[in-house]
Every structure is written in C-alpha cells, then in structure tokens.
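Undergrad: Following this message is one structure expressed as structure tokens.
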Amino acid sequence: MKRLILVLVILTIPLAGCWDRVDIDMRGYVLGIALDAYPPNPIGQNTSELEASPEEEEPLEKMETQAGRPKYAMTVQLPMLKNSQTAGSGPTGGGFDGSSTWEITQIGDSFISMNREMATRTSLLMYYEHLQVIIISDEIARQGLEKVMDFFLRDPEMRRRVKIFISKGEAKRILDVLPRIEDYASMYLSLIPLNVKKTSRMATDTDLGELIINIHSGLDFVLPKVEAIKDEIKSSGGAAIKNGKMVGWLTELELEAVKLMRNLYRGGVITVRTPGEEEGLNVLEVTKAKSTIKPSIKDNVPHFDIRIKVEGNYAEDVNIHTHGQLDMEYIRMLERTFKKEIESLCTRTIKRMQEEYGADVLQLKRILQTKAPAYWKKIADQWDEIYPSASISITADVTVSLLGLET
Amino acid sequence: MLSLLKKLASGKKDRIYEGTTEHLKQFRLSPNIGDNTTRLLDIMNNSFDIKTRAFKIGRTNTRAAVIYISELVDEITVNNNIIKSLILESTFVMDKNGKVDLDLIKDSMLSLADVEETETFDEIVLGIMSGDTFLCIQGFTKGLLISARKYKGRTVGQPNLEPSVKGPQEAFVEMLSVNIGLIRRRIRDPNLTFEIHKLGRRAKADIVLMYIKGIAHKDLIDDIRNKLLAIDIDKVTTAVEVSKLMLDRPHSIFPLVQVTERPDKVVAAMNEGRVAMIIEGAPDAITLPVTLPILMQSSDDYFENWMAATVIRMTRYVCFLISVLFPAIYISTTSYHPGMLPTRLVLSITASRTGVPFPAVLEALLMEFTLEILQEAGIRLPRVVGQTVSIVGGLVIGQAAVQAGVVSPIMVIVISITALSSFAIPDYSLSMASRIIRIPFILLAVTFGSFGIAMGMLFLLAYLSSLRCFGLSYLTPLTPFRPRDSRDSLIRAPLWTMHKRPEFLHPEDTIKHVPPAGRNEPNDN
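Protein chains in written order, with this note's numbering: chain A, 1 to 407; chain B, 1001 to 1525.
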C-alpha cells in the first residue's frame, strides 16, 4: 500500500505537464517600451518613421480594433541575440545595420491588445520582467498619464523598478538610438540615472512604483525628461506632472532647485559669479544637502518655510584673480554668495511652478496633510486654487568645508 | 513473469552449506601419522599447495610430519625452527626411556611464539587454512599447531581515496595484522580492544571489532557485536559489505557507515566513542555509527587554524548543495523564473542557448549522462590509457559539443561546477549519493519549477532526519540540536573549546582535553 502511494505520487510528476515552462531562449525580453500617440503629432519637429516607412509595411503595424479607434503606438525593444559561437563577436552578435535590437511598433487602441497583437508578429513569447524603461512621449503625457498607464500598473509582469521617462518629441526615437558603448538603448538609458550623485540636473526616484504612489495619492510630481539625437541620449531636466497630466517642462536648473527643496538632492555642483570679479566663477561641489519644510497657517493662508542646509567642498574657480586670498573672510563671503544663489534659484523656480504651471511639484499637499491635517480637511477641495497663492519663504545655509588640494 | 521464475526456482530445493569444519569435530587424531596426513589431504581435496613433510625425530624411529600451505607460511622458519631442530637436536626431547615427549617438544624445542595443542580435525583444518603449520608425531593423539605465518601483500602506502595535505600519509593494506599494527601504534592504551570474530560459513574471514573500552558506550558495542554475530553468510570481502548486513535502513541512499582507508581516522573515531571494524583482506575499515556531519569532516580540518577550517568546511556543505541542486536550479530559473536573474545574465544565457536544439532539461540530462560516463570510464580505464578519458572528455564534450551547437556553453559550465562540487565532498559514498539525488531534482525542477525544488528539499530533509544509524539520528548534532556537539559540525570550533567528547555518542569517559588551569585562550588551533 505504502509503495502504491509512492508510485502514484511519482506518477503525478509527468502529469504536471509543465505548462508554464518556456525555455529561456524562447522568450523575447522586452527591454524598453515607447508610447506614442497615433497618428503622430503633425507639428512634431521630427519626421515620424511611421509615416516614412514604406507603404507595404504599414498594415503590419496596424491592427483590427474591436471597439475604439487606434490612438496609440507602442514600440517594444527586443534584443537580437545571436549564438555567440556562430556569430563570434561577443556575447551578443550584431544586426544587419549595426543595431543589436529590434523595435516592433504596434498601433492600436489598448495596450494589452497591442501587446497580444505583437504575438502574431514574433516567434518569441513577450516577457516584461526584464523591462528597463518606459518612455512616454510628451504628447501622450500632456493628454494624461493615467489614461495610458493602467496596463503597466496592473500587469504583474511589470516590475516596480522600471524607470519612467518623458521624451521630448517622439518616444520611439529614443529606442532607435545606437549608444556607442552599449548594445541596447533601453539599458543605457536606465543606467543614466545612476549618475545622480554626480549631477543634480536629472530627476531621481522616478520608477513605476513611485509613479503609482504619486498618482494614487493625487500628488503632483516630476518625471525625467529624455531627448535624443542619432547616437546619443540625454536625460536632464524634467516634466512637471499635475493631476496626472504633464503641464510643462522644467529646465535643468529648475529641477535642481526642486530637488534641493524636496530633499532629493544627492550631489552636484552649484556655480556662482564671483562678487567683484568680472568673469570669475566659483563652484561648490555639494556633499550634503538637507531641506525641511515647515508649514504654518496665517489667516487661512498657508505659509511654507523651507530651510535648505547645504554643505560642500570648494571645487573650482574660473577666471578669478584673487588667488592667495582664500582666507576665512573670503570663504564666508563665498558662502553668502552661494546662499544667495540657491535662494534666488529656488524662489524663481517656485514662482514659475506656482504661477505658470500651478503644479505642486514640491508636494506641499502631502506636508499639509501630515503636519496640518485639520487645516487640510477644510481646504482639501480648494487646494488647486490656494496653491498658487501660498507664500513660500526660502532660507539657505551654506557651509564650505574643504578647499581641495590647491590653496 | 516473476511468479513464473519463482515456480521454476521452487523446483530445486535450497541447500545450505553446512560448513567445512564443524562436522570434522567428531574426527580425532589417530596415533598413526600416515592416517592423519591422508585424512587431512583428503579433507582438503589434495590441493597442490598443501605441503607435507615427513621425517624422523633425532636418530630414533619416531616419525613425525609437518603439514602447511606453502604460500601462507614462512618456509624458512618452518625449516629452521621446526624441522631442523626436531631432526638434529632431538636428544633433548627424549625422556629417560628414549621416548619422545610432546610437551617437551612444545615447551623446549619449538622456538616459535604461538604453539597450540590440538586434537580434533576441525581445529587442524582451520589452522592450516589460516596459515598455521601442523605438526603431528607418531604415537600421539595430539598434534601441534604452530604459527609461522607470512602473508605476502602490499606494503603500507599512501591513501588513494582520502588524500590529505598534512598529517599522516599511511593507508591500510589488505593484511589484517599490518592494519592492526597501524592502529595499535597510534594509541598505547591497554583499553584499546580488538575483538576477533570469524565471519563467513566458507570464508571464515577474521573480522576485528575495535573500540576503546571506557570510551565507547557498552550498549553500542553490544548492539554492534550482536548484529555482527547474527550474520550468516558464506563469504564477505570487505567490512562495508558486513555493515550493509547490519544496518537498520538497508535502502538508504546516504551512507550509514564511514569507510576509511586512514588509520588516523579510525583512531580519531574510536577516541570519540565510536566503534570500528576491519576485515582480513580488505584495505579499509568502517566506523560506526555515523552522521552526516561526521561524513563531511576531513582530517585536514584539524590540522589548520579553526577559522580556515570552518570556511573550508562550510564550502564543503555548499558544495554538497551545489552538487545536488545546481542543475535543477539552473533549469527552474531559466525555464520558469527568468525574471529572477539579472538582465545581462539572462541575455548572455539566452545568447549562448540560441540555436541549441534541445530544451534545457534534455540538455542537462544529456550532459549529466555524459558526466557519469566520463567518471565511470575514468575509474575502469587502466592507468596506462587513463589520459584518453581526459582528452576525449575535455575536448569532445567541452569544446566540440559546444561548437557544434549541441549543448550550450552555459550548460557545460553548470555541469562542470556540479561535478567539481561533488568531488569536494570528502566521503565517496556521500558524493555518490549526491549524484544520484541530482536526477530527481532535475525532474522536479522541470515539472514544478522552484516550487518543485522546494518540495524536493523538504522531502530530502525529512528523509535525512528519518535516517538512523544504530539509533543515532543522521543529522545529529544539527537536529536534534546539541549546541556543544555542533561545534564540530557546520563549523569547526577551536580545539580547546571542544574539550569534551561528543555527547550524542554517550561516551563513558567524557573529557577529552583538560585545558591548563588559569588559561582561557590557549593557542588558537
């Protein structure tokens, strides 16, 4: 009897049937997704490849839709993997045009159906767990992120650490870039934010998980901006998102200010004009930056007191003739200059956010919710009107600690 | 089919061999030596290696004869110390009446250590078969069994299966007496006990049960002795075979005895309170009882600093896991959970697999099979052509198969690491076990993915902890957990902290080492 049970148990192994088993080389590892509007924006400055493609190819990219009309174009990037033994050049061979990726564009109404439609065009099973980036064109972002992101938020194969970028112009163009030191544009792009300790001009913490949190808590936020030419990608500055819709771009310096104020600053440099020198510049390499925002309510108007504490090393001076004067007094003077620069930069930025975009990118809403809940309850519905008129004062405190090797 | 065979077999009645010597007990020596020699030669079927030499003692007419097996005795000793002295110097052995006195011969003439009087043929035959020389003298119903054994065999050499970097480089040989000497030389303790038993209806091999009285627990010794004496078999070649007949769990994949060719290991085992057995004609001893952590120990562990030894020992445990699980984990992650791997690794594995015609599991089984062929061929091949295996194996499997696109390079790496890991397991039988249970894990991985591996591991753990070796749980001291004893299991604590013998063996003498008074941290090894 015991033996019979054992045999039966063993017999269940072949019965299991391995439904989910897919050999590793049978999957298509989607590395990047680009979302564009269709038909492409006619005033977009770049000629769309969709339009440029030969006549006979177009029908493959369009699909028969069930309900809606095709509004979006989704491009996925698949690596072209050649057998290393036969291709001979490194672990990943090269394609016919030097590219080692294949970008498949599908036009359709919903993203899951587009994704499924692609299965009719590839021999591989699309697999999204290695997705590195999702690039959204600014056109779609302006229409509203929530509208298009649902599939990506809902699908269990989408990892929460996927980086999100907003492209200036067509998103597909980013995937088409052939980076010189990397085979896959998506991988290249996803690694750029790791340099955030070196520069503060790119946004941080902007992955899918963060996006979900922000969207579901109704917060405004900044997504990194990405632009590309033929073989280069640049990610700097950002896109301000208000109520899930993109309202405008942030310049690199504005982004820096936002990061300083939101306590997201990881490192970077601040440059000021030397007082009393015509062309002279002084550069501070920031090692530590911390900000605190204190809300106070006066006459039903919220006031925010933002204090930024910056610590850094004196990194460079350009074009100045005051060498030998690097004494305490001079350093104090520099600290004051940096302080002024930071304060004015932040004030300028806040003003533009409040007046031009109305986007609460500092997430002051959350500060009110946590630190002044009673007040928040009263004004919850009118926050959008109150925010532009909220008074914000900025105080910076700069310490120069090291002077470098040269005195 | 089976029943048919049984029916056919049942036609013949089983007959059991009743023994060579027991029925000879009824025969006693006759005073006539002619009768005695004829009968002896008759019992031993006139085999050509049995030599008889008849002669006269002194200048008397008293005839005598020696009978021995020429290959088992030292013929020079027999000639010089028995025959020569009896022929030439026999005046001593005559009493006043000119008659030969057997007791005088025994006591004063034979300059050999081991002389026994005997009367019945069973003793005589067994003695001659074991290499004794039989002397019988006309007119006496008693004979003398004289031990002048000289077995020919290997000299003590280096351990082949269990080499070590430092420490003794001696290994057991096929001769029991030499082996006993190797052990006795290492412990000059009168309590070191060698119990000799004869085993095998036909073979009557000497099997020696060894233990240190006062350390090994009495019940354990009795248990092992009883089980040993209960064995009724015609012949055994090695002590391992004997142990197979004694164990409670004969089907166990995991070795429940430790087989060793190193005398220092046997001595160490006995010093902990375990019992060892060694048999004539086999160059290895077994120690009992055994647990998995014991099998993972190596003598080198104790010759190194404890930190180094601990790292090495943990590496060994990891190697055991790799040997069992690595192909399975590779298959389950690549075919079910590629999301668990870093992206670049996935891409490079995928690239290396492109164009390979088989699914990963078939590839793994293929390589696994090839590996087993290589190992088996490597063992069976004569040393002279041994290189062929490595060349053919390395070149054909390692390179050509990959270049031909039959297997992926990554699979070659996986199987190679697995094979290497299995060699890092100190006990050969344990390494064999890891090779066997690898296959079910591969099948589980391909059908159920990581879930299957987890289930398999659960089953394996349950199985391991269900194993018992003479009442000792196989995973002791890890489970049941004994903190003090586990200092010499996954880790190897400094020797001065392990001053007690393992509790789980219930030694009668518990203290192994008394640290000098007032000294808390002696040398760290």
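The beta-carbon is built from N, C-alpha and C at its ideal position, and this holds for glycine as well.
What alpha helix (DSSP H) runs, 4 residues minimum, are completely inside the segment 1330–1356 of chain B?
TA: List check, alpha helix (DSSP H) in window: 1343–1353.
Undergrad: Counting only beta-carbon atoms, is residue 31 of chain A nearer than 9 Å to chain B?
TA: As a working note, residue 31 of chain A is residue 31 in the first sequence. So, interface residue.
Undergrad: Can you find a CB in chain B that lies within less than 9 Å of the CB of residue 22 of chain A?
TA: Indexing the first sequence from 1 puts residue 22 of chain A at position 22. Taking Cβ atoms only, chain B reaches closer than 9 Å to residue 22 of chain A, which makes this a yes.
Undergrad: Does residue 1034 of chain B come out as helix, strand or coil in the three-state DSSP assignment?
TA: To locate residue 1034 of chain B, count along the second sequence from 1; it is residue 34. The answer is helix: DSSP assigns residue 1034 of chain B an H, G or I state.
Undergrad: Do you know how far the Cα of residue 1365 of chain B is from the Cα of residue 1448 of chain B?
TA: Residue mapping note: residue 1448 of chain B aligns to position 448 of the second sequence, counting from 1. Residue mapping note: residue 1365 of chain B aligns to position 365 of the second sequence, counting from 1. Answer to the nearest angstrom: the Cα atoms are 17 Å apart.
Undergrad: Listed from N- to C-terminal order along the chain, which residues in the segment 1395–1429 of chain B have their beta-carbon within a distance smaller than 8 Å of any beta-carbon of chain A?
TA: Listed by position, the residues of the segment 1395–1429 of chain B near chain A (Cβ gap below 8 Å) are 1402, 1403, 1405 and 1409.
Undergrad: By the DSSP assignment, the beta strand (DSSP E) with residue 108 of chain A in it spans what residues?
TA: Sequence index remark: in the first sequence, residue 108 of chain A carries index 108 (1-based). Run containing residue 108 of chain A: 101–108, per the beta strand (DSSP E) assignment.
Undergrad: Alpha carbons only, please: which of B/1228, B/1191, B/1200 and B/1204 is nearest the one belonging to residue 1215 of chain B?
TA: Walking along the second sequence from the start, residue 1215 of chain B turns up at place 215. Checked all of B/1228, B/1191, B/1200 and B/1204; the closest Cα to residue 1215 of chain B is B/1191.
Undergrad: Tell me whether residue 1359 of chain B is buried or exposed, calling it buried when 16 or more other Cβ atoms sit within 10 Å of its Cβ.
TA: Numbered from its first residue, the second sequence carries residue 1359 of chain B at position 359. Flag for residue 1359 of chain B reads buried.
Undergrad: Take residue 1037 of chain B and list the residues in its own chain whose beta-carbon comes closer than 7 Å to its own, dropping the five residues that flank it on each side.
TA: Mapped onto the second sequence, residue 1037 of chain B falls at position 37. Here the set comprises 1052, 1065 and 1067.
Undergrad: With 16 as the cutoff for other CB atoms within 10 Å, does residue 84 of chain A come out buried or exposed?
TA: Taking the first residue of the first sequence as 1, we reach residue 84 of chain A at position 84. In this prediction, residue 84 of chain A has a pLDDT of 47, which is less than 50 and means its spatial position is unreliable; nothing more can be read from the coordinates.
Undergrad: How about residue 77 of chain A: is its C-beta nearer than 9 Å to some C-beta of chain B?
TA: For the purposes of this step, residue 77 of chain A is taken as residue 77 along the first sequence, with counting starting at 1. Taking Cβ atoms only, chain B never reaches closer than 9 Å to residue 77 of chain A, which makes this a no.
Undergrad: List, in order along the chain, the chain B residues whose C-beta lies closer than 8 Å to that of residue 129 of chain A?
TA: Taking the first sequence and counting its residues from 1, one reaches residue 129 of chain A at position 129. Ordered by position in chain B, the residues that pass the 8 Å Cβ test against residue 129 of chain A are 1338 and 1339.
Undergrad: What first and last residue would you give for the beta strand (DSSP E) that runs through residue 1380 of chain B?
TA: Mapped onto the second sequence, residue 1380 of chain B falls at position 380. No beta strand (DSSP E) contains residue 1380 of chain B, which is instead part of the alpha helix (DSSP H) from 1360–1380.
Undergrad: Beta-carbon of residue 117 of chain A versus every beta-carbon of chain B: anything under 9 Å?
TA: Here residue 117 of chain A corresponds to residue number 117 of the first sequence, with the count starting at 1. So no, residue 117 of chain A is outside the interface.
Undergrad: Please list the partners that residue 1347 of chain B has in chain A, where partner means a Cβ-to-Cβ separation under 7 Å.
TA: By 1-based counting over the second sequence, the position of residue 1347 of chain B is 347. By Cβ distance, chain A contributes 29, 79, 81 and 92.
Undergrad: Below 6 Å CB to CB, which residues in the same chain sit around residue 103 of chain A once its five sequence neighbours on both sides are set aside?
TA: The count along the first sequence starts at 1 and reaches residue 103 of chain A at position 103. Cβ within range, chain order: 75, 77 and 175.
Undergrad: Suppose the cutoff is 6 Å on Cβ atoms and the five residues either side in sequence are ignored; what does the same chain contact list for residue 1340 of chain B look like?
TA: Taking the first residue of the second sequence as 1, we reach residue 1340 of chain B at position 340. Excluding sequence neighbours, residue 1340 of chain B sits near 1333.
Undergrad: Touching or not, the segment 140–148 of chain A and the segment 242–252 of chain A, by the rule of three or more beta carbon pairs under 8 Å?
TA: Verdict: yes, contact present.
Undergrad: In chain order, what residues of the same chain have a beta carbon less than 7 Å from the beta carbon of residue 1200 of chain B, not counting five sequence neighbours either side?
TA: In the second sequence, counting from the first residue as 1, residue 1200 of chain B sits at position 200. Excluding sequence neighbours, residue 1200 of chain B sits near 1233, 1234, 1235 and 1236.
Undergrad: From this set, B/1453, B/1063, B/1151 and B/1102, which residue's C-alpha is nearest residue 1075 of chain B's C-alpha?
TA: Along the second sequence, one-based indexing puts residue 1075 of chain B at 75. If we check each option's Cα against that of residue 1075 of chain B, B/1151 comes out closest.
Undergrad: Under 9 Å, Cβ to Cβ, is there at least one residue of chain B near residue 159 of chain A?
TA: Translated into the one-based positions of the first sequence, residue 159 of chain A becomes position 159. Interface residue, yes.
Undergrad: Beta-carbon of residue 25 of chain A versus every beta-carbon of chain B: anything under 9 Å?
TA: Along the first sequence, one-based indexing puts residue 25 of chain A at 25. Cβ-Cβ to chain B under 9 Å: yes for residue 25 of chain A.
Undergrad: Looking only at DSSP bridge pairs, what is residue 77 of chain A linked to?
TA: On the first sequence, residue 77 of chain A is found 77 positions in, with the first residue counted as 1. DSSP, once it has assigned bridges, lists A/32 and A/103 as partnering residue 77 of chain A.
Undergrad: If residue 401 of chain A sits next to residue 313 of chain A, beta carbons under 8 Å apart, how far is it from one beta carbon to the other, in whole angstroms?
TA: Counting from one through the first sequence, the residue named residue 401 of chain A turns up at place 401. Counting from one through the first sequence, the residue named residue 313 of chain A turns up at place 313. Residue 401 of chain A to residue 313 of chain A, Cβ: 6 Å. Contact.
Undergrad: With a threshold of 16 other CB atoms inside 10 Å of the CB of residue 1411 of chain B, please say whether the residue is buried or exposed.
TA: Indexing the second sequence from 1 puts residue 1411 of chain B at position 411. So residue 1411 of chain B ends up on the buried side.
Undergrad: Quick one: Cα of residue 8 of chain A to Cα of residue 1187 of chain B, how far?
TA: Position 8 of the first sequence, counted from the start, is the residue given in the question as residue 8 of chain A. Position 187 of the second sequence, counted from the start, is the residue given in the question as residue 1187 of chain B. Cα-Cα distance, rounded: 54 Å.
Undergrad: Verify the CB distance criterion: does residue 1449 of chain B have a CB-CB separation below 9 Å to chain A?
TA: For the purposes of this step, residue 1449 of chain B is identified with residue 449 of the second sequence, where counting begins at 1. At least one chain A Cβ lies under 9 Å of residue 1449 of chain B.
Undergrad: Within 10 angstroms of its Cβ, does residue 169 of chain A collect 16 or more other Cβ (buried), or is it exposed?
TA: One-based indexing of the first sequence puts residue 169 of chain A at position 169. It is buried - the Cβ of residue 169 of chain A has at least 16 other Cβ atoms within 10 Å.
Undergrad: When the Cα atoms are used, what is the spatial distance from residue 303 of chain A to residue 265 of chain A?
TA: Here residue 303 of chain A is taken as the residue at index 303 of the first sequence, counted from 1. Here residue 265 of chain A is taken as the residue at index 265 of the first sequence, counted from 1. Those two C-alpha atoms are separated by around 23 Å.
Undergrad: Could you list the residues in the segment 120–145 of chain A with a C-beta less than 8 Å from some C-beta on chain B, going in chain order?
TA: Within the segment 120–145 of chain A, the residues whose Cβ lies closer than 8 Å to some Cβ of chain B are 127, 129, 130 and 132, listed in chain order.
Undergrad: Distance cutoff 9 Å, beta carbons only. Does residue 1237 of chain B sit that close to anything in chain A?
TA: Residue numbering aside, residue 1237 of chain B sits at position 237 when the second sequence is read from its first letter. Not an interface residue.
Undergrad: Please state the DSSP three-state secondary structure of residue 1288 of chain B.
TA: Looking up residue 1288 of chain B in the second sequence gives position 288. Reduced to three states, the DSSP call for residue 1288 of chain B is strand.
Undergrad: Rounded to whole angstroms, what is the Cα-Cα separation between residue 1251 of chain B and residue 1465 of chain B?
TA: Along the second sequence, one-based indexing puts residue 1251 of chain B at 251. Along the second sequence, one-based indexing puts residue 1465 of chain B at 465. Those two C-alpha atoms are separated by around 15 Å.
Undergrad: Enumerated in chain order, which unbroken segments of the beta strand (DSSP E) with a length of 3 residues or greater are wholly contained in the segment 1052–1112 of chain B?
TA: Whole beta strand (DSSP E) segments, 3+ residues: 1063–1069.
Undergrad: Among B/1271, B/1082 and B/1086, which residue has its Cα nearest to the Cα of residue 1147 of chain B?
TA: The residue labelled residue 1147 of chain B in the question sits at position 147 within the second sequence. Checked all of B/1271, B/1082 and B/1086; the closest Cα to residue 1147 of chain B is B/1082.
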